[in-house]
Amino acid sequence: MSSYTNQPHPGGYGAPQQNPYAQPTLRPLRPLIGLARAGAWTMMAGQLLDTGWTVAYWQSTMQADLETLTLLDIWAIPVLVLVLVGTVLALVGGCRWLAQARRNAELLPPFQPQRLSSAWVWWSWIVPIVSWWWPRRVVLDVWADPAPATPARRLVNRWWGFWVAGTIVGILTSRQDVADPSMAGRAVLFTIITSACLGVALHAWLQILDRITRDQDQVIGAPPPAATGWPSAG
Numbered sequence: 047m048s049s050y051t052n053q054p055h056p057g058g059y060g061a062p063q064q065n066p067y068a069q070p071t072l073r074p075l076r077p078l079i080g081l082a083r084a085g086a087w088t089m090m091a092g093q094l095l096d097t098g099w100t101v102a103y104w105q106s107t108m109q110a111d112l113e114t115l116t117l118l119d120i121w122a123i124p125v126l127v128l129v130l131v132g133t134v135l136a137l138v139g140g141c142r143w144l145a146q147a148r149r150n151a152e153l154l155p156p157f158q159p160q161r162l163s164s165a166w167v168w169w170s171w172i173v174p175i176v177s178w179w180w181p182r183r184v185v186l187d188v189w190a191d192p193a194p195a196t197p198a199r200r201l202v203n204r205w206w207g208f209w210v211a212g213t214i215v216g217i218l219t220s221r222q223d224v225a226d227p228s229m230a231g232r233a234v235l236f237t238i239i240t241s242a243c244l245g246v247a248l249h250a251w252l253q254i255l256d257r258i259t260r261d262q263d264q265v266i267g268a269p270p271p272a273a274t275g276w277p278s279a280g
């Protein structure tokens, strides 16, 4: 059992620290959650559109449908732009929210220790090698329920496990040429698997956003975030 379970406040967070110098940085997360959600959904929309484009291109190649292939070639750039925009929006929105959540976690009992500096909220996604596990560490440190075998850790592990799996399969997908009949089948399969993994990761990430926002904002005294419409899963 984690050390905060007897705390009288939701989510394991105690009363805000009464420090006149640190208090100004204690802010609700609700104003930031909208952009974080929008970024996640935009990135997923781009991935689904890319999957649909890949399947359509494969089918048109098999049927030698030159008219459709020409149309799909025209749409390739807009699809790529949406994927890139969604990725950037997800990074900016998610990291802005996470940066404030980290600041709050330092000021709210049980004063969860942060193993990484605040700069790594952003850089952990970009720096090679550490980007495979440090974002998960940042989120676990922010949440006030990091003990093994708890719903919080399981949810974070589900999010990160499927995110990493989707990223790896996505890298494999980028090495397949859907226009090459010998690679087209693998390209379609890998793209579908990537979308499935990222869909599960998105589901978990939206729950993480909602739960940490709810827990911290209830202690701070802010209204809870509106429901996302996704069923909750522990």
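47 is the number of the first residue of the sequence shown in my numbering; add one for each residue after it.
No residue lacks a Cβ here, since even glycine has one placed at the ideal position from N, Cα and C.
On a predicted model such as this, the values are computed, not experimentally measured, just so you know.
Item                                                                                                                     : Value
heavy atom of the ligand SAH below 7 Å from A147 C-beta                                                                  : Of ligands this structure carries none, so the ligand SAH is not represented either.
Anticipated Cβ contact below 8 Å, W143 with L255, distance rounded                                                       : 7 Å
Range of the contiguous alpha helix (DSSP H) that encloses G267                                                          : Neither: G267 is in no alpha helix (DSSP H) and is coded neither H nor E.
Residues of its chain near R247, where Cβ-Cβ distance is below 7 Å and the 5 sequence neighbours each way are ignored    : First, the amino acid is wrong: residue 247 is Ala here, not Arg. Answer for A247: W205, F208, W209 and G212, listed in chain order.
R260 in three-state terms, based on DSSP                                                                                 : helix
Proximity winner among R232, W178, V185 and I238, relative to A250 (alpha-carbon distances)                              : V185
Residues of its chain near A225, where Cβ-Cβ distance is below 8 Å and the 5 sequence neighbours each way are ignored    : Y103 and T107
For D119, the three-state DSSP class (helix, strand or coil)                                                             : helix
Cβ separation of R76 and D263, assumed to be a contact under 8 Å, to the nearest whole Å                                 : 6 Å
Expected contact under 8 Å - CB spacing of G85 and V138 to nearest Å                                                     : 7 Å
Pair within 8 Å by beta-carbon distance, P181 and S164                                                                   : no
Cut-off 8 Å between Cβ atoms - residues of its own chain near Q146, not counting five sequence neighbours on either side : R73, L75 and L78
Where S228 falls, given that 16 or more other Cβ within 10 Å makes a residue buried                                      : exposed
Whole-angstrom distance between Q160 and T259, CA atom to CA atom                                                        : 18 Å
Rounded C-alpha distance that separates D111 from D119                                                                   : 12 Å
C-beta atoms of L117 and G92 nearer than 8 Å                                                                             : no
Contact belief for V125 with W99 at Cβ below 8 Å, rounded distance in angstroms                                          : 5 Å
Residue from G140, R257, D96 and I175 whose Cα sits closest to the Cα of L130                                            : D96
Coil, strand or helix - V134 by DSSP                                                                                     : helix
Residue range of the unbroken alpha helix (DSSP H) whose run includes R199                                               : P197 to S220
C-alpha distance - T298 paired with V167, whole-angstrom precision                                                       : Not covered by the structure: residue 298. The range shown for the chain is 47 to 280.
Short Cβ contact (8 Å threshold) for M90 with L218                                                                       : no
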